[in-house]
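Accompanying notes for the structure given below.
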Amino acid sequence: MSLYRDEAVVLRTWKLGEADRIVVLLCRGAGKVRAVAKGARKTGSRFGARLEPGAHVQVQLYKGRGELDTVTQVEHVESFKVTRTDLSRMSHTASLLEAVDQVAQDREPQPRLFSMLVGALRVIEESDPPLITGAFYLKLLALEGVAPELDVCVGCGEPADTGEGVLLALEAGGVHCRSCGGGRRLSAEALAVSRAVLGGGLTAALELPQGPVTAEVHSLATTAMEAHLERRIRSLRVLDET
Amino acid sequence: MATYAAPVQDLIDALGRLPGVGPKSAQRIAFYLLKVDDEEATKLARAITEAKARIGFCTVCFNLSEGEVCTICSDPERDQSVLCVVEEPRDVVAVERTREFKGRYHVLQGAIDHLQGVGPDQLRIKELLARVGAEQITEVIICTNPNLEGEATSLYLSRVLAVPGLSVTRIASGLPVGGDLEYADELTLGRALEGRRVVENG
Chain A
664 MSLYRDEAVV LRTWKLGEAD RIVVLLCRGA GKVRAVAKGA RKTGSRFGAR
714 LEPGAHVQVQ LYKGRGELDT VTQVEHVESF KVTRTDLSRM SHTASLLEAV
764 DQVAQDREPQ PRLFSMLVGA LRVIEESDPP LITGAFYLKL LALEGVAPEL
814 DVCVGCGEPA DTGEGVLLAL EAGGVHCRSC GGGRRLSAEA LAVSRAVLGG
864 GLTAALELPQ GPVTAEVHSL ATTAMEAHLE RRIRSLRVLD ET
Chain B
3 MATYAAPVQD LIDALGRLPG VGPKSAQRIA FYLLKVDDEE ATKLARAITE
53 AKARIGFCTV CFNLSEGEVC TICSDPERDQ SVLCVVEEPR DVVAVERTRE
103 FKGRYHVLQG AIDHLQGVGP DQLRIKELLA RVGAEQITEV IICTNPNLEG
153 EATSLYLSRV LAVPGLSVTR IASGLPVGGD LEYADELTLG RALEGRRVVE
203 NG
């Protein structure tokens, strides 16, 4: 069985040689796959336009002997038209793709990660909530099993104080209560929103308008994500610049 | 294990660093160069040093140029009011080949690329804004690639170039001449439909 079909999201692409592209796909069934799309950069290419980062596609791939598969057919499942004409949506999409690319393991099926990514891309296309990147990162960390502990103090195990905020100590893996001390201040509102994201209140959290609380949660989530990946997320820098 | 003499190995290593040249190709080119007569090899060496020494970036549009200002910027025949913004010097050549454009250019030397961490600050956008402010420009045509990076750049430019009296346009995208509708993707075909025009009576 060397030809196979799968549903995939394009995570990123690289130029290869004259007119080819290497695409990194997150497939529903096959996990993260790298493949060569021959001639994808030519204007007359049959699938070049469908293999842009963030596209949700149905692909047919050929598995050769090497590490790279070959793309033979691509069809759009969703083309996310609005996202392609809005800079903020593009930046948010890029920040999700970059994190997923770092987290996903080659050829390791991760259907939940796939569904989560497709869901988030749809939300961006529909409403582009300010907290999408932050909420997605927290969910992603939870999926990886490394979500920051927000309910109890990681120092003493007592329930973290909700009244006047807590201290965020990500290097310790969560929050510190006032009496343990050590860490960055995190407001009670931001703590509540972060807990909601992790605990089933995602929809409400995404409806929050841009403000100091969303900024705080975004910063918490990206710091935790970057600490987990042990590298900077480049898209975020561009997000801030634009 | 037999190895090459040091100068040969150096040559192979240098060639191997060129884009698209793998170790085997580097070896093949190196042996070809060793076989050809001295004149041919010196010609190549001279061409490289000459190009490196004489070519720089135009101080106006940042295209590759032999002098301070490139031939297009210094041409008085060119329309001074229209500016075509492209990503790379080779895009200037591509647009020039159409013979449809008589204005001048601005080369950004890249495109906004989130995944590579390339933001607006790393491109020649400040210079573009300065030109738009200082010169008599009435139209800016954004001619970046129709891919994600080019689109992001175009969206960003349209935002920062929102100046009264300046029209900012984006090149159309649609079906390639000689192509088949059947193989066109929805995005391209959709845009082609959006940008359709009245057929003029012949």
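Protein chains in written order, with our numbering: chain A, 664 to 905; chain B, 3 to 204.
Where is the CB? At the ideal position from N, CA and C, for every residue including glycine.
The bridge partners DSSP lists for Ala832(A) are Gly837(A). DSSP, read as helix, strand or coil, puts Pro774(A) in helix.
Secondary structure note for Ala693(A): it is in no alpha helix (DSSP H), with a DSSP letter that is neither H nor E. Classified as buried, Tyr107(B) has 16 or more neighbouring CB atoms from the shown chains inside 10 Å of its CB. Cys145(B) is a Cβ neighbour of Ile173(B), given a cutoff of 8 Å.
Unbroken alpha helix (DSSP H) runs of no fewer than 4 residues, entirely contained in the stretch 50-118 of chain B, are found at 91-100, following chain order.
It is roughly 14 Å from the alpha-carbon of Arg770(A) to the alpha-carbon of Gly727(A). For Met779(A), there are no neighbours in chain B by C-beta distance under 9 Å, as the nearest C-beta there is about 19 Å away. Listed along chain A are Ala712, each with a C-beta nearer than 7 Å to that of Thr190(B). In the three-state reduction of the DSSP assignment, Ile896(A) falls in the coil class, being assigned neither a helical nor a strand state.
In the structure shown, the three-state DSSP call for Pro875(A) is helix. Residue contact check for Gln118(B) against chain A: a CB pair falls below 8 Å.
In the three-state DSSP reduction, Gln29(B) falls in the helix class (H, G or I). From the beta-carbon of Asn149(B), the residues of chain A found nearer than 7 Å are Glu715.
Every beta strand (DSSP E) stretch that sits fully inside the stretch 704-733 of chain A and reaches 3 residues is listed by chain position as 719-725. Here Val672(A) carries a strand assignment [DSSP, helix/strand/coil]. Residue pairing of His739(A) in beta bridges, as defined by DSSP: Val720(A). In the DSSP annotation of this structure, Val23(B) is not part of any alpha helix (DSSP H), being labelled neither H nor E. With a threshold of 8 Å between beta carbons, Pro178(B) makes contact with chain A. With respect to Glu89(B), Ala113(B) sits close: the two C-beta atoms are nearer than 8 Å. Pairing Gly152(B) with Arg897(A) gives a Cβ-Cβ distance that is not under 8 Å.
Non-local C-beta neighbours of Arg752(A) in its own chain, meaning closer than 6 Å and more than five positions away in sequence, comprise Thr746, Ile787 and Asp791, ordered along the chain.
Taking a Cβ-Cβ threshold of 7 Å, the residues of chain B close to Gly680(A) are Gly22, in chain order.
Rounded to whole angstroms, the Cβ separation of Leu714(A) and Ala700(A) is 5 Å, and the two are in contact under 8 Å.
By the criterion of a C-beta distance shorter than 6 Å, Arg858(A) is surrounded in its chain by Leu813, once the five residues flanking it on both sides are discounted.
Its chain contains Leu674, Arg675, Pro716 and Gly717 as the residues whose beta carbon lies nearer than 7 Å to that of Leu760(A), once the 5 sequence neighbours on both sides are disregarded; these appear in chain order. Straight through space, the alpha carbons of Gln721(A) and Asp40(B) are spaced by roughly 55 Å. Of all residues in the stretch 730-748 of chain A, only Val737, Glu738, His739, Ser742, Lys744, Arg747 and Thr748 come within less than 9 Å of chain B when Cβ atoms are compared, listed by chain position. For Ala164(B), the closest Cβ of chain A is not nearer than 8 Å. In this structure, the beta-carbon distance from Glu879(A) to Ala853(A) falls below 8 Å.
Straight-line spacing of the CA atoms in Thr866(A) and Ile57(B) works out to 56 Å. The straight-line gap separating the alpha-carbon atoms of Ile74(B) and Arg133(B) is approximately 15 Å. As computed with DSSP, Val162(B) is found in no beta bridge at all. Short of 7 Å from the beta carbon of Asp903(A), and not among the five residues preceding or following it, lies no beta carbon of its own chain. In this structure Ser742(A) does not touch Glu68(B) by the C-beta definition: roughly 44 Å separates them, more than the 8 Å allowed. In the structure shown, Ser842(A) falls within a coil segment according to DSSP collapsed to helix, strand and coil.
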